[in-house]
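Engineer: Here's a structure for you.
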Amino acid sequence: MKQVTRLLCAALALQAGAAFAEDTGPADVKFEDFAVQASLSGQAGDAAEGAKVFKDRKLGNCLACHQNAGMKDELFHGTVGPAMDGVADRWEPEQLRAIVTDAKQVFGEETVMPGFYSLRVGKNVREDLVGKPILTAQQVEDVVAYLATLRE
Amino acid sequence: MRQSLAIVGLGMIMAALQVPSGANAEPVDDALVIDDVEMVTRTKAPEGHPFDEVLSGWLFREGETRELEADSFQNPGMLYVEQGADVWNRVEGPDGKSCASCHNDAAESMKGVGAHYPKWDADAGRPINIELQIDKCRVENMGLEPYKFDAPEQKALTTYIKNQSLGEPVELDLSQGELQSWWDKGKELYYTRTGQLNFACASCHESNSGQYIRADHLSQGQANGFPTYRLKQADMVSLHNRFRGCIRDTRAETPKAFSDELMALEVYVTWRGTGLSVETPSVRQ
Numbered sequence: 173m174k175q176v177t178r179l180l181c182a183a184l185a186l187q188a189g190a191a192f193a194e195d196t197g198p199a200d201v202k203f204e205d206f207a208v209q210a211s212l213s214g215q216a217g218d219a220a221e222g223a224k225v226f227k228d229r230k231l232g233n234c235l236a237c238h239q240n241a242g243m244k245d246e247l248f249h250g251t252v253g254p255a256m257d258g259v260a261d262r263w264e265p266e267q268l269r270a271i272v273t274d275a276k277q278v279f280g281e282e283t284v285m286p287g288f289y290s291l292r293v294g295k296n297v298r299e300d301l302v303g304k305p306i307l308t309a310q311q312v313e314d315v316v317a318y319l320a321t322l323r324e
Numbered sequence: 007m008r009q010s011l012a013i014v015g016l017g018m019i020m021a022a023l024q025v026p027s028g029a030n031a032e033p034v035d036d037a038l039v040i041d042d043v044e045m046v047t048r049t050k051a052p053e054g055h056p057f058d059e060v061l062s063g064w065l066f067r068e069g070e071t072r073e074l075e076a077d078s079f080q081n082p083g084m085l086y087v088e089q090g091a092d093v094w095n096r097v098e099g100p101d102g103k104s105c106a107s108c109h110n111d112a113a114e115s116m117k118g119v120g121a122h123y124p125k126w127d128a129d130a131g132r133p134i135n136i137e138l139q140i141d142k143c144r145v146e147n148m149g150l151e152p153y154k155f156d157a158p159e160q161k162a163l164t165t166y167i168k169n170q171s172l173g174e175p176v177e178l179d180l181s182q183g184e185l186q187s188w189w190d191k192g193k194e195l196y197y198t199r200t201g202q203l204n205f206a207c208a209s210c211h212e213s214n215s216g217q218y219i220r221a222d223h224l225s226q227g228q229a230n231g232f233p234t235y236r237l238k239q240a241d242m243v244s245l246h247n248r249f250r251g252c253i254r255d256t257r258a259e260t261p262k263a264f265s266d267e268l269m270a271l272e273v274y275v276t277w278r279g280t281g282l283s284v285e286t287p288s289v290r291q
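Chains as they are written, first to last, in my numbering: chain A, 173 to 324; chain B, 7 to 291.
Have a look at this one:
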């Protein structure tokens, strides 16, 4: 019995390790011509998960700044950034990946949009968040897959 | 589009692509009259200010919230003014004194006082606000300990003292001592981005005032109404508590109340509201 548990644990650890190993670290993401070509996690994004990341206050909280006609059931939409309607008509997925990963690489240092997978952050970051991006590589891929569905 | 879009090659294309953000979120055009006195909620900004016009946070609130502040019988903050009056007259400590023992009737002695803080404190070699002035009196003249930050008595007394300046325009004398260098430091902090979300005060209250961030209508982040009654917390909120809350929202470590950082910010932020009436106790959502 003990043996089996140990084997199982080892297998799980391997699997988790493998999924993780394919993530590109925030410092290693390659921006070329305002785009990021490769998936950050090496996996495809899941648009349904991405919609959750978009509205969840603890994850992307994108809705805090961006109106989104596709989320009419959500009460409050911010107006700090442009509305997301038809965003996939304006940007290629690789550009959307660059914007979400580190908006400053696309819009310049002055933008207020946070870099969601970047370690170029503000001063005095809360202790437990030091060295951590806001979203995981897979969450960025998910939100990008979701944005890619927003056509008009 | 309100955002200053840094030009980085794509700038031109971007400008063409950007759709104007939907709901036009202008502050209301309304007059605030409290006990027959009209408050200055809109005024020309002092020289060197980033805005042309300085606006009270009152103009950015919903109708119900605005009405609560306008009616001092309804304003829940007025309860704290009453409690402050009690503390003012309460004899405390080994010397058997109250605030009134030295300052008599606050309606006279404290009239206009709150409109000119923070002030330079030569003894301490740093600026002090009303809270720290109260502590100074407690320690030096009453043989008492300073209040703990946000002690109910501290909030009530500060609210009471500020309320004696209701309607008075905010004005700082930056020529006192080294106040100007604290203003400089405060300005630097105001534009410094903090936390994992990488926002400065200016990201929300300068570049985006008038916009909505989720349900919140962003004001200019003025200090003239503090301490303020917050409906969400059903309590009085001190200025340094508000500062700490805004900084925490950037996912940064928060400086301590009355620390050099927050005193510098208070000097600078208060100056940004020059000419607005003291509205204490203001009501916010």
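Glycine included, each C-beta is placed from N, C-alpha and C at the ideal position.
How is the alpha helix (DSSP H) around E282 of chain A delimited, first residue to last?
Structural biologist: Here residue 282 of chain A is taken as the residue at index 110 of the first sequence, counted from 1. Counting along the chain, E282 of chain A falls outside any alpha helix (DSSP H), and DSSP gives it neither H nor E.
Engineer: Can you list, in chain order, the residues of its chain with a C-beta nearer than 6 Å to that of Q139 of chain B? Leave out the 5 residues immediately preceding and following it.
Structural biologist: Here residue 139 of chain B corresponds to residue number 133 of the second sequence, with the count starting at 1. Taken in chain order, the list of residues that qualify is empty.
Engineer: According to the neighbour-count rule (16 or more other Cβ atoms, all chains shown, within 10 Å of its Cβ), is L282 of chain B buried or exposed?
Structural biologist: Position 276 of the second sequence, counting from 1, holds the residue named residue 282 of chain B. Flag for L282 of chain B reads buried.
Engineer: Output, in sequence order along the chain, the residues in the stretch 207-221 of chain B whose CB is closer than 7 Å to any CB in chain A.
Structural biologist: Contact annotation: in the stretch 207-221 of chain B, residues whose CB is within less than 7 Å of a CB in chain A are S209, S213, N214, Q217, Y218, I219, R220, A221.
Engineer: By how many angstroms is the C-alpha of R262 of chain A removed from the C-alpha of M285 of chain A?
Structural biologist: Position 113 of the first sequence holds residue 285 of chain A. Position 90 of the first sequence holds residue 262 of chain A. Counting only the Cα atoms, R262 of chain A lies some 18 Å from M285 of chain A.
Engineer: In chain A, which residues lie less than 8 Å from A258 of chain B when you measure between Cβ atoms?
Structural biologist: As a working mapping, residue 258 of chain B is identified with position 252 in the second sequence. Residues of chain A with a Cβ closer than 8 Å to the Cβ of A258 of chain B are, in chain order, G294, K295, N296, V297, R298.
Engineer: The beta strand (DSSP E) that contains L61 of chain B, what's its start and end?
Structural biologist: Position 55 of the second sequence, counting from 1, holds the residue named residue 61 of chain B. Start and end: 59-61.
Engineer: Quick one: list the residues of chain B neighbouring F248 of chain A, beta-carbon separation under 8 Å, in chain order.
Structural biologist: The residue given as residue 248 of chain A occupies position 76 in the first sequence. The contacting residues are Y218, R220, A221.
Engineer: Using a C-beta cutoff of 8 Å, does A12 of chain B count as contacting chain A?
Structural biologist: For this step, residue 12 of chain B is matched to residue 6 along the second sequence. Unreliable positioning characterises A12 of chain B in this predicted model, as indicated by a pLDDT of 35, which lies under 50. The coordinate reading is nonetheless provided below. Output row for A12 of chain B: interface = yes.
Engineer: Just the chain B side, please: which residues come within less than 7 Å of C237 of chain A by C-beta, in chain order?
Structural biologist: Counting from 1 along the first sequence, the entry for residue 237 of chain A is found at position 65. By Cβ distance, chain B contributes I219.
Engineer: In angstroms, rounded to a whole number, what distance separates the CA positions of V312 of chain A and V46 of chain B?
Structural biologist: Position 140 of the first sequence, counted from the start, is the residue given in the question as residue 312 of chain A. Position 40 of the second sequence, counted from the start, is the residue given in the question as residue 46 of chain B. C-alpha separation (whole angstroms): 47 Å.
Engineer: State the Cα-Cα distance for the pair R72 of chain B and G279 of chain B, rounded to the nearest angstrom.
Structural biologist: Numbered from its first residue, the second sequence carries residue 72 of chain B at position 66. Numbered from its first residue, the second sequence carries residue 279 of chain B at position 273. Approximately 19 Å between the Cα atoms of the pair.
Engineer: Could you work out which residue in B:G183, B:H223, B:W277, B:S115 is closest to G250 of chain A when comparing CA atoms only?
Structural biologist: As a working note, residue 250 of chain A is residue 78 in the first sequence. The option with the nearest alpha carbon to G250 of chain A is B:H223.
Engineer: My guess is that T256 of chain B and L172 of chain B are in contact by the Cβ rule of under 8 Å, so how many angstroms apart are they, rounded?
Structural biologist: As a position in the second sequence, residue 256 of chain B is number 250, starting the count at 1. As a position in the second sequence, residue 172 of chain B is number 166, starting the count at 1. Contact flag wrong, Cβ pair sits at about 32 Å.
Engineer: Between P198 of chain A and chain B, is any beta-carbon pair separated by less than 8 Å?
Structural biologist: Numbered from 1 along the first sequence, position 26 holds the residue referred to as residue 198 of chain A. By this cut-off, P198 of chain A is not an interface position.
Engineer: So, is T283 of chain A buried or exposed, given that buried needs 16 or more other C-beta atoms within 10 angstroms?
Structural biologist: In the first sequence, counting from the first residue as 1, residue 283 of chain A sits at position 111. Classification for T283 of chain A: buried.
Engineer: Distance check for R236 of chain B and R67 of chain B, CA to CA, integer angstroms please.
Structural biologist: For the purposes of this step, residue 67 of chain B is taken as residue 61 along the second sequence, with counting starting at 1. For the purposes of this step, residue 236 of chain B is taken as residue 230 along the second sequence, with counting starting at 1. One C-alpha to the other measures close to 12 Å.
Engineer: Identify, in the order they occur along the chain, each residue of the same chain with its Cβ nearer than 8 Å to the Cβ of R323 of chain A, setting aside the five sequence neighbours on each side.
Structural biologist: Taking the first sequence and counting its residues from 1, the one referred to as residue 323 of chain A is at position 151. Around R323 of chain A: G258, A260, D261.
Engineer: Any C-beta of chain A within less than 7 Å: which residues of the stretch 191-208 of chain B qualify?
Structural biologist: T198, R199, T200, G201, Q202, L203, N204, F205
Engineer: Starting from K50 of chain B, trace the alpha helix (DSSP H) in both directions and tell me its first and last residue.
Structural biologist: Numbered from its first residue, the second sequence carries residue 50 of chain B at position 44. Here K50 of chain B belongs to no alpha helix (DSSP H); instead the beta strand (DSSP E) covers 48-50.
Engineer: Quick check: what's the CA-CA separation for Q89 of chain B versus A162 of chain B?
Structural biologist: By one-based count along the second sequence, residue 89 of chain B stands at place 83. By one-based count along the second sequence, residue 162 of chain B stands at place 156. Rounded to the nearest angstrom, the two C-alpha atoms are 6 Å apart.
Engineer: For L301 of chain A, return the contacting residues in chain B, with the cut-off set at a CB-CB distance below 7 Å.
Structural biologist: On the first sequence, residue 301 of chain A is found 129 positions in, with the first residue counted as 1. Against L301 of chain A, the close residues of chain B are Q202, R257, in the order they occur along the chain (beta-carbon pairs closer than 7 Å).
Engineer: Quick check on W126 of chain B: does DSSP put it in helix, strand or coil?
Structural biologist: To locate residue 126 of chain B, count along the second sequence from 1; it is residue 120. Residue state, collapsed to three classes: strand.
Engineer: Given 8 Å as the limit, is there contact between the stretch 301-309 of chain A and the stretch 238-247 of chain A, that is, 3 or more CB pairs closer than that?
Structural biologist: no
Engineer: Please state whether the Cβ-Cβ distance between R250 of chain B and A236 of chain A is less than 8 Å.
Structural biologist: Residue numbering aside, residue 250 of chain B sits at position 244 when the second sequence is read from its first letter. Residue numbering aside, residue 236 of chain A sits at position 64 when the first sequence is read from its first letter. Between R250 of chain B and A236 of chain A, the gap from beta carbon to beta carbon reaches 8 Å or more.
Engineer: Please report the straight-line C-alpha distance between D266 of chain B and V252 of chain A, rounded to a whole angstrom.
Structural biologist: For the purposes of this step, residue 266 of chain B is taken as residue 260 along the second sequence, with counting starting at 1. For the purposes of this step, residue 252 of chain A is taken as residue 80 along the first sequence, with counting starting at 1. Distance between D266 of chain B and V252 of chain A, taken at the CA atoms: about 31 Å.
Engineer: Using a Cβ-Cβ cutoff of less than 7 Å, which residues in the same chain neighbour L292 of chain B once the five nearest sequence positions on both sides are dropped?
Structural biologist: Any question about residue 292 of chain B goes unanswered here, given that chain B covers just 7 to 291.
Engineer: In its own chain, which residues sit with a C-beta less than 6 Å from the C-beta of S27 of chain B, not counting the 5 before and 5 after it?
Structural biologist: In the second sequence, counting from the first residue as 1, residue 27 of chain B sits at position 21. At S27 of chain B, the pLDDT of 39 sits below 50, so the modelled position is not reliable; the number obtained from the coordinates is stated separately. Nothing listed; no residue qualifies.
Engineer: What span of residues does the alpha helix (DSSP H) with D141 of chain B cover, start to end?
Structural biologist: The residue given as residue 141 of chain B occupies position 135 in the second sequence. Unbroken alpha helix (DSSP H) run through D141 of chain B: 136-148.
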